[in-house]
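Here the sequence shown stands for residues 1060 to 1286, numbered as in our numbering.
All C-beta atoms, glycine included, are put in the ideal place defined by N, C-alpha and C.
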Amino acid sequence: MTISYAAARNAPLLEFEDERLLILDWQQAKDRCALEALMLSHARIVFFWARKLSPDKTEQEELVSEGLLGLIRAADMFDLAREVRFSTYARWWVKNSVLTALARLRSVVETPASAKGDAPPIAKQSLDDETVYNFLVSDEPTPEEMVIRNSSLDLMRQRIGEAMSGLDEIDREVVVSRSLKQPPDSIGDLADRLSMSTSKLRQLERRAMSRLKTELMSRGVLTSRAQ
């Protein structure tokens, strides 16, 4: 489904009951018209984040496409038993989809100017972990958003488990011991257990976290911090 900026900007906002009926029609009957009406009413969220994150028109088009896919995921996953607005829930999926797409784009795009060492016309800054974290927590969450974040924990645990299965045995042990255990193992203790130097372990840890981040992003989950 293609939605123009003008159409998204001019689309009327749905009433609470109307949006829930559309979601119900989509989830139970896969009513395409219901999904399109729901997406049109909320597409302004997609354009907001695409324009906020990139001034590049070509990038914006890609980000909008991914953001619209995020809206579809939100429509699939929305829990009608919860008394929250769809826009609150969809916002998380859109931000996640747009940021993941932007990180992917900027990991492969290198302008000729930047290759020569000159400043490119549009800064292709790296979306490092700190940048992503600051963006995701830049807004104070509403009570409704806190409910949704809490209700998403099971899904996130499932995604992390799937991502961990894509790592080899040593990488999994390093990630678990250093990032998932509470309290985490010290560098020294883990290095002794694995019979390697601490400097070698630090390199291994960076590699393992990078691989985990890639696995998570391939599953549509954007990591906040992977240190």
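Ala1093 carries a helical assignment under DSSP once its states are collapsed to helix, strand and coil. The alpha-carbon separation between Met1268 and Asn1069 amounts to approximately 43 angstroms.
Ala1070 carries a coil assignment under DSSP once its states are collapsed to helix, strand and coil.
In this structure, DSSP gives Glu1142 a state outside helix and strand, which the three-state scheme calls coil. Fully contained in the segment 1218–1256 are the following alpha helix (DSSP H) runs of length 4 or more, in chain order: 1228–1234, 1246–1253. Listed in chain order, the beta strand (DSSP E) elements of length 3 or more contained wholly in the segment 1092–1136 amount to none. Between the segment 1120–1130 and the segment 1146–1157 there are three or more C-beta pairs closer than 8 angstroms, enough to call the two in contact.
In the structure shown, Met1060 adopts coil according to DSSP, grouped into three states. Between Ala1140 and Ile1104, the CB-CB gap reaches or exceeds 8 angstroms. Less than 8 angstroms divides the Cβ of Ile1246 from the Cβ of Leu1260. Put simply, the backbone Cα of Leu1083 is about 9 angstroms away from that of Lys1089. Counting every other CB atom within 10 Å of its CB across the protein chains shown gives Glu1076 a total below 16, marking it as exposed. In chain order, Leu1081, Asp1084, Trp1085 place their CB closer than 7 angstroms to the CB of Ala1093, counting only its own chain and leaving out the 5 sequence neighbours on each side.
Here Glu1264 really is in contact with Val1233; their C-beta atoms are around 5 angstroms apart, less than 8 angstroms. The beta carbon of Val1153 is closer than 7 angstroms to those of Ile1104, Val1105, Trp1108, Gly1126, Gly1129, Leu1130 in its chain, skipping five residues each way along the sequence. If you draw a 10 Å sphere on the C-beta of Ser1100, you find 16 or more other C-beta atoms in it, and that means buried. A direct Cα-to-Cα measurement between Asp1138 and Ser1146 gives close to 13 angstroms. Cβ-Cβ separation between Leu1161 and Ala1222: approximately 20 angstroms, too far for a contact (criterion under 8 angstroms). In this structure, the beta-carbon distance from Ala1134 to Leu1097 falls below 8 angstroms. The closest CA to that of Ala1102, considering only Pro1071, Arg1237, Ile1219, is found on Pro1071.
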